[in-house]
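Numbering (the numbering used here), first residue to last: 4 to 478.
Even glycine gets a Cβ: it sits at the ideal position worked out from N, Cα and C.
Values in this document were obtained by computation on a predicted structure and should not be read as measured data.
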DNA sequence: TGAAATGTTGGGGCG
DNA sequence: ACGCCCCAACATTTC
């Protein structure tokens with residue numbers, strides 16, 4: 004009797020190294036499959052930039068699997084029908100997959116597991132996307148963590164995570180029952196092709212993820228403490244999209260740090276950023292309303308003033324605040340924004356502009372190549388002040404001071420807001436204050452070549468604080 | 001992982 | 001020499 008084949012259902016673990024589901028399935032005949040389900044995620048279906056990334060990541064994974072003898076089958080349809088039907092067609096005893104943590108993936112996996120169970124098959128979900136599974140950590144009162152610092156301390160106290168499992172050298176591929184789809188037939192690439200410039204900045208796929216990790220650890224990681232705050236320099240890891248799609252695992256990152264000098268200085272700060280990712284997933288698992296509802300319920304009454312024209316100005320990078328506009332334009336061109344600038348841009352939107360945080364989150368969701376439901380939702384709630392461990396609402400970033408402090412030489416603003424490039428550093432972050440002859444000399448006409456601020460700096464701050472007082476008074 | 005307002009201190013200029 | 005004032009620098013409080 005021949006061994007029953009296994010179905011390897013790949014979702015957000017698009018790698019062959021340190022892939023516990025692949026490792027478990029590799030002992031016998033295996034059929035790797037990816038299913039594009041356009042409806043299961045509802046409003047959290049992968050956004051435009053994410054789909055671009057996914058297309059190229061699937062290409063890379065398909066090549067790596069084919070090279071090992073088990074080509075990747077691509078399908079489209081309702082997952083809870085496609086997976087059980089495919090398992091039945093090939094007579095698979097078990098389906099192996101990497102565990103995911105978003106609410107809609109939990110519901111979908113339960114439905115698939117139930118359908119498989121009715122057929123006498125089983126779904127095995129493997130840990131590996133996170134350093135620590137969300138239900139394994141509890142605080143002193145036996146509850147999930149709501150505050151980052153004690154959470155991070157608890158994770159660090161656990162010591163090293165398990166070592167990564169190796170990539171299988173050879174796989175015993177199973178002939179799929181049908182042809183499957185060609186990658187282009189999944190329709191993941193945007194039309195019209197607004198992502199044309201993305202390949203200048205990004206290379207999706209496991210090999211590129213590994214290369215980037217090692218380049219970062221060799222080079223910028225040591226000075227990460229300060230380098231990460233300068234958006235005009237290449238001081239961050241830029242690993243976020245690789246981590247989102249599981250081209251790289253968090254424990255590969257962890258062990259990489261340990262092998263490149265350990266967690267001293269900048270590398271320790273970098274690891275704590277990886278722990279923010281863990282914390283966001285911990286929150287999303289235990290508070291599945293995170294993407295939709297403020298964790299602090301009093302914020303349900305916050306008096307946002309939705310204004311489509313203001314939202315558009317922010318999205319298109321014409322708020323009149325140079326550091327914010329530079330960030331929003333970087334987002335559009337690269338599908339990514341430097342984290343320091345994300346905080347400043349998000350703060351302006353929800354505070355000075357009084358726009359709902361979920362409108363900002365929706366825009367990031369569609370335009371970021373690293374769009375991740377846990378990180379995106381938790382970070383927006385952090386900025387808006389409505390998260391459990393958020394920055395207080397009255398902490399309002401001043402885009403002029405942030406620009407002066409972190410883009411002192413103007414390299415970042417001049418790259419993405421070229422119409423201000425000839426302004427001297429002194430006025431670059433507040434063109435509205437520049438003397439008329441300075442503006443003339445730089446070829447800047449406010450309101451014509453570059454917008455005047457959509458809201459006066461002092462008025463924006465005052466309005467935000469007044470809104471907070473209004474909410475408190477309504478209690 | 002904020003910024004502004006307010007308070008405190010101490011050195012130096014000056015009559 | 002002394003007291004007074006100014007103000008920069010730093011600390012604390014407030015939003």
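Original post:
Can you give the Cα-Cα distance for residue 402 and residue 162, rounded to whole angstroms?
Top reply: 39 Å
**OP:** Check each candidate in 361, 333 and 321 and name the one with the smallest Cα separation from residue 308.
**Re:** 361
**OP:** Please determine, among 297, 392, 151 and 36, the residue with the shortest C-alpha to C-alpha distance to residue 185.
**Re:** 36
Original post:
Would the C-beta of residue 195 count as close to the ligand FAD, meaning under 7 Å from any of its heavy atoms?
Top reply: Annotation note on the ligand FAD: not contained in the displayed structure, which lists no ligands.
Original post:
Does the beta-carbon of residue 42 have 16 or more other beta-carbons within 10 angstroms, so that it is buried, or is it exposed?
Top reply: exposed
**OP:** Report, in whole angstroms, the separation of the C-beta atoms of residue 313 and residue 457, which I expect to be a contact under 8 Å.
**Re:** 6 Å
Original post:
Is the segment 408 to 423 close to the segment 316 to 327, with three or more CB pairs under 8 Å?
Top reply: yes
**OP:** Could you tell me which residues DSSP pairs with residue 37 in its beta bridges?
**Re:** 77
**OP:** From the DSSP output, in three-state form, read off residue 252 for me.
**Re:** coil
Original post:
With C-beta atoms as the reference, is residue 227 less than 8 Å away from residue 273?
Top reply: yes
**OP:** Count the C-beta pairs between the segment 245 to 253 and the segment 275 to 284 that are closer than 8 Å, then say yes if the count reaches three, no if not.
**Re:** yes
Subject >> Backbone CA spacing between residue 4 and residue 256 [nearest angstrom] >> reply: Bear in mind that the predicted position of residue 4 carries a pLDDT of just 46, short of 50, making it too unreliable to give a figure here.
**OP:** State the start and end residues of the unbroken alpha helix (DSSP H) segment that holds residue 432.
**Re:** Run containing residue 432: none; DSSP gives neither H nor E here.
Subject >> Supposed close pair residue 393, residue 384 - CB separation, criterion 8 Å >> reply: 6 Å
**OP:** Assuming residue 130 contacts residue 136 (C-beta within less than 8 Å), just tell me the rounded distance between them.
**Re:** 5 Å
**OP:** For residue 90, collect the residues of the same chain with a Cβ closer than 8 Å to its Cβ; drop the 5 residues on either side in sequence, then sort them by chain order.
**Re:** 10, 98, 119, 122 and 124
**OP:** Count the other CB atoms, across all protein chains shown, that sit within 10 Å of the CB of residue 159; report buried if there are 16 or more and exposed otherwise.
**Re:** exposed
Subject >> Contact under 8 Å by Cβ, residue 481 with residue 258 >> reply: No statement about residue 481 is possible, as the shown extent of the chain runs from 4 to 478 and does not include it.
Original post:
If residue 1 sits next to residue 446, beta carbons under 8 Å apart, how far is it from one beta carbon to the other, in whole angstroms?
Top reply: This structure cannot settle anything about residue 1, because the visible part of the chain is limited to 4 through 478.
Subject >> Three-state class that DSSP yields for residue 285 in the structure shown >> reply: helix
**OP:** Label residue 436 either buried or exposed according to how many other C-beta atoms from any shown protein chain fall within 10 Å of its C-beta, with 16 as the threshold for buried.
**Re:** exposed
**OP:** Take every Cβ of the segment 20 to 31, pair it with every Cβ of the segment 46 to 61, and state whether three or more of those distances are shorter than 8 Å.
**Re:** no
Original post:
Which one of 128, 147, 346 and 448 has the shortest CA to CA distance from residue 409?
Top reply: 346
Original post:
How many Å lie between residue 300 and residue 40 at the Cα?
Top reply: 33 Å
Original post:
Would residue 434 pass as a contact of residue 449 if the rule is Cβ separation under 8 Å?
Top reply: yes
Original post:
What separation, rounded to the nearest whole angstrom, lies between the Cα atoms of residue 49 and residue 222?
Top reply: 32 Å
**OP:** Evaluate residue 145 with the Cβ neighbour count: other Cβ atoms within 10 Å of its Cβ, from every protein chain shown; 16 or more gives buried, anything less gives exposed.
**Re:** exposed
Original post:
In terms of residues, what are the limits of the alpha helix (DSSP H) holding residue 416?
Top reply: 414 to 419
**OP:** Please classify residue 453: does DSSP put it in a helix, a strand, or coil?
**Re:** strand
Original post:
Out of 352, 34 and 468, which has the shortest C-alpha to C-alpha gap to residue 395?
Top reply: 468
**OP:** Would you list the residues sitting across from residue 175 in a DSSP beta bridge?
**Re:** 32
**OP:** Take residue 225 as the anchor and find which of 234, 238 and 233 has the nearest alpha-carbon.
**Re:** 238
Subject >> Integer Cβ distance of residue 86 from residue 115, believed to fall under 8 Å >> reply: 5 Å
**OP:** Give the range of the alpha helix (DSSP H) segment to which residue 361 is assigned.
**Re:** 360 to 370
Original post:
Would residue 103 pass as a contact of residue 213 if the rule is Cβ separation under 8 Å?
Top reply: no
Subject >> Those runs of the beta strand (DSSP E) which lie wholly inside the segment 82 to 115 and span at least 3 residues >> reply: 97 to 101
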